[in-house]
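**Q**
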Amino acid sequence: MKFIKAEKLKEKPADQSKLGFGKIFTDYMLTMKYKDGKWGEPVIEPYGPVEFDLATTVFHYAQGIFEGLKAFKNDKGEVRVFRPEENFKRMNRSAERMCIPQIDEKVVLDGLFELLKIEKDWIPTAPGTALYIRPSIIATNVQLGVHAATEYLFFIILSPVGSYYAHGLAPTRLLVEDYYTRATIGGTGESKCIANYAVSLKAGEEAEKKGFDQVLWLDANEKKYVEEVGSMNMFFVIGGEVVTPALVGSILPGITRKSSIELLRAHGYKVTERRVSIDEVIEAQKNGTLDEAFGTGTAAVISPVGMMEYKGADYVVNGGKMGDITKWLYDTITGIQTGRLEDKFGWVVKL
Ligand SMILES: *Cc1c(COP(=O)(O)O)cnc(C)c1O
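Under the numbering used here, read the sequence shown as residues 303 to 653, first letter to last.
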């Protein structure tokens, strides 16, 4: 792997409690170019702006995909990455949907590990912090014709992060969106493509203006079934059963979702993946059987839901407090990630 040394390293953030999310970037990035039908060699080089022609494909037609995962460091200085091979597998599935060439998962994993070894000192260790890893692929041809590109840039950038929400682990307020649509079956909802986020901004902005943290999306066809939250998959605990919307094609297959299902089942909880209608959730809230609701995703890990608004009415979940299963899951996943708990499933790659 090619390595280009930086002339000068940056100052690392002094106060780990004020990191926020995705605002600071490390000294190096990894880049790899696709041209003439093949990927070139990965290069680790100083982090910094890159110049692009304004006719570059990705700027016009959003042919681009990304991933998000985290690395941690324990007291012994050991670097721990949570299920990274799952992210690159999913990246290839997203690539397939967006006509982007497949990457060699082993090459990019090795590249990521090299980059992390160099940037080890950037990994924060305060509770709730991590080094967020953002791999992406963008189409880089200079052309305005609407075609899949023939040139691409794969890159990985790193950002030390604190908690995703400014209010930390406090239960979130969700607005159930019954007009705008994020994804449809046959569309790109199950691919982590950059356009999905542009599509969701308007509903997010309107919800934020009304004082909500996130939008809870319903299915595009009937506006009847729960799909997911902005960047999290959704779980409900109804009458002791954990239910999560089945991956019907318009829902992003989250790695935190998958890990949560595996952990809950191994712990003896009944977990069902099925269609969940918003009416069922509201009914359960009304008759007192909606015990908990939470979202799962790399950025926020496990995020309790304290209330939902649907068609102008407010529904409080678990008295607006974090539920026991939500808390157990948060502690268990973050425990495995940071090394506080035993990694029985072999999910963590140690460097
Ligand atoms: C990335 C993402 C998630 C969460 O996936 P994880 O692999 O758990 O981080 C959920 N929903 C959407 C729309 C996403 O983009």
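Idealized CB from N, CA, C, for every residue including glycine.
#1: Shortest alpha-carbon distance to P473 belongs to which of K312, S396, V618 and V550?
#2: Does the contact criterion of 3 or more C-beta pairs under 8 Å hold for the stretch 456-466 versus the stretch 490-497?
#3: Between which residues of its own chain and V651 is the CB-CB distance below 7 Å, once the five residues before and five after are set aside?
#4: Based on Cα-Cα distance, which residue from T442, A373, F390 and I405 lies nearest to W424?
#5: For Y482, which option in K422, K511, P348 and D521 has the closest C-alpha, if you only look at C-alpha atoms?
#6: Please confirm whether T359 has its beta-carbon closer than 7 Å to some beta-carbon of chain B.
#7: Please report the straight-line C-alpha distance between T591 and G339, rounded to a whole angstrom.
#8: Short check: CB of L356 to CB of D329, under 7 Å?
#9: Once DSSP output is grouped into helix, strand and coil, what is the label at N376?
#10: Do the stretch 397-404 and the stretch 412-428 make contact, defined as three or more Cβ pairs closer than 8 Å?
#11: Strictly closer than 6 Å from CB to any heavy atom of ligand 1: give me those residues in the order they appear in the chain.
#12: Considering R642, what are the terminal residues of the alpha helix (DSSP H) in which it resides?
#13: Looking only at C-alpha atoms, which of K588, S562 and R392 sits nearest to K572?
#14: Would L460 pass as a contact of E507 if the rule is Cβ separation under 7 Å?
#15: On the CB-based measure, 16 or more other CB atoms within 10 Å of its CB, does T486 come out buried or exposed?
#16: Which residue's Cα is closest to the Cα of E611: I584, Q404 and G464?
#17: V603 and T636: beta carbons closer than 7 Å?
#18: On a CA-only basis, which of K629, V539 and D412 is nearest N595? Give me that one, please.
#19: Where does E369 land, buried or exposed, given buried means 16+ other C-beta within 10 angstroms?
#20: Given this structure, state the Cα-to-Cα distance separating T333 from P348, to the nearest angstrom.
#21: Applying the criterion that 16 or more other CB atoms from any shown protein chain within 10 Å of the CB defines a buried residue, is P351 buried or exposed?
#22: Where does D317 sit, in a helix, a strand or coil, going by DSSP?
#23: For D259, which of helix, strand or coil comes out of DSSP?
#24: Go through its chain and collect everything with a Cβ distance to K689's Cβ below 8 Å, but skip five positions before and after it.
#25: L476 lies in the beta strand (DSSP E); which residues open and close that run?
#26: Return yes when the Cβ of T358 is within less than 7 Å of the Cβ of T452, no when it is not.
#27: On the premise that I346 lies in contact with L417, defined as a C-beta separation below 8 Å, what is that separation, rounded to the nearest angstrom?
#28: Short check: CB of G532 to CB of V517, under 7 Å?
#29: Report the partner residues of L455 according to the DSSP bridge assignment.
#30: Going by C-alpha to C-alpha distance, which of L411, K337, E510 and D626 sits closest to L653?
#31: Distance check for Q587 and V381, CA to CA, integer angstroms please.
#32: Kindly indicate the opening and closing residues of the alpha helix (DSSP H) around E492.
#33: Smallest Cα separation from F305: which of N620, L414, A500 and F647?
#34: For R567, which three-state DSSP category applies?
#35: Are the beta-carbon atoms belonging to I535 and T598 less than 7 Å from one another?
**A** For this structure:
#1: To locate residue 473, count along the sequence shown from 1; it is residue 171. Per the Cα distances, V618.
#2: no
#3: Translated into positions along the sequence shown, residue 651 becomes position 349. Within the same chain, V651 has close Cβ partners V383 and P386.
#4: Taking the first residue of the sequence shown as position 1, residue 424 is located at position 122. Nearest C-alpha to W424: A373.
#5: For the purposes of this step, residue 482 is taken as the residue at position 180 of the sequence shown. The option with the nearest alpha carbon to Y482 is D521.
#6: Considering every chain present, this structure includes no chain B. It has just one protein chain.
#7: Residue numbering aside, residue 591 sits at position 289 when the sequence shown is read from its first letter. Residue numbering aside, residue 339 sits at position 37 when the sequence shown is read from its first letter. Computed Cα separation, rounded: 56 Å.
#8: Walking along the sequence shown from the start, residue 356 turns up at place 54. Walking along the sequence shown from the start, residue 329 turns up at place 27. No, these two residues do not count as a Cβ contact at 7 Å.
#9: As a working note, residue 376 is residue 74 in the sequence shown. If DSSP states are grouped into helix, strand and coil, N376 belongs with coil.
#10: no
#11: G370, K494, E530, S533, M534, N535, L554, G556, I557, T558, R559, T598, G599 and T600
#12: Numbered from 1 along the sequence shown, position 340 holds the residue referred to as residue 642. Segment: none, R642 is in no alpha helix (DSSP H) and carries neither H nor E.
#13: As a working mapping, residue 572 is identified with position 270 in the sequence shown. Of K588, S562 and R392, the residue nearest in Cα terms is S562.
#14: One-based indexing of the sequence shown puts residue 460 at position 158. One-based indexing of the sequence shown puts residue 507 at position 205. Not a contact, by the Cβ cut-off of 7 Å.
#15: For this step, residue 486 is matched to residue 184 along the sequence shown. By the 10 Å Cβ count, T486 comes out exposed.
#16: Sequence index remark: in the sequence shown, residue 611 carries index 309 (1-based). Of the candidates I584, Q404 and G464, the one whose C-alpha sits nearest the C-alpha of E611 is I584.
#17: Locating residue 603 in the sequence shown gives position 301, counting from the first residue. Locating residue 636 in the sequence shown gives position 334, counting from the first residue. It is a contact, given that the beta carbons lie within the stated cut-off.
#18: Start at 1 with the first residue of the sequence shown, and residue 595 comes out as number 293. Here the sequence assigns Ala to residue 595, which means Asn is not the residue at that position. Residue V539 is the option with its Cα nearest to A595.
#19: For the purposes of this step, residue 369 is taken as residue 67 along the sequence shown, with counting starting at 1. E369 should be labelled buried.
#20: Locating residue 333 in the sequence shown gives position 31, counting from the first residue. Locating residue 348 in the sequence shown gives position 46, counting from the first residue. Distance between the alpha carbons of T333 and P348: 10 Å.
#21: To locate residue 351, count along the sequence shown from 1; it is residue 49. Label assigned to P351: exposed.
#22: In the sequence shown, the residue the question calls residue 317 occupies position 15. Residue state, collapsed to three classes: coil.
#23: Only positions 303 to 653 of the chain appear in the structure, and residue 259 is not among them; the question remains open.
#24: Any question about residue 689 goes unanswered here, given that the chain covers just 303 to 653.
#25: For the purposes of this step, residue 476 is taken as residue 174 along the sequence shown, with counting starting at 1. Its beta strand (DSSP E) spans residues T474 to E479.
#26: Numbered from its first residue, the sequence shown carries residue 452 at position 150. Numbered from its first residue, the sequence shown carries residue 358 at position 56. Result no, Cβ atoms of T452 and T358 do not sit closer than 7 Å.
#27: If you number the sequence shown from 1, residue 417 lands on position 115. If you number the sequence shown from 1, residue 346 lands on position 44. Their Cβ separation, rounded to whole angstroms, is 6 Å, which keeps L417 and I346 in contact under 8 Å.
#28: Taking the first residue of the sequence shown as 1, we reach residue 532 at position 230. Taking the first residue of the sequence shown as 1, we reach residue 517 at position 215. For G532 and V517, yes; Cβs fall inside 7 Å.
#29: Counting from one through the sequence shown, the residue named residue 455 turns up at place 153. For L455, which the question treats as bridged, DSSP gives the partners K335 and I440.
#30: For this step, residue 653 is matched to residue 351 along the sequence shown. Nearest C-alpha to L653: L411.
#31: The count along the sequence shown starts at 1 and reaches residue 381 at position 79. The count along the sequence shown starts at 1 and reaches residue 587 at position 285. Looking at the two C-alpha atoms, the distance is approximately 42 Å.
#32: Residue 492 sits at position 190 when you count from the first residue of the sequence shown. Careful: E492 lies outside any alpha helix (DSSP H) and carries neither H nor E.
#33: The residue given as residue 305 occupies position 3 in the sequence shown. Nearest C-alpha to F305: L414.
#34: Reading the sequence shown from its first residue, position 265 is the one you call residue 567. In the structure shown, R567 sits in a helix (DSSP, three-state: H, G or I).
#35: The residue you call residue 535 lines up with position 233 of the sequence shown. The residue you call residue 598 lines up with position 296 of the sequence shown. Checking the displayed sequence, the identity of residue 535 turns out to be Asn instead of Ile. Yes, the pair counts as a contact, with Cβ atoms nearer than the cut-off.
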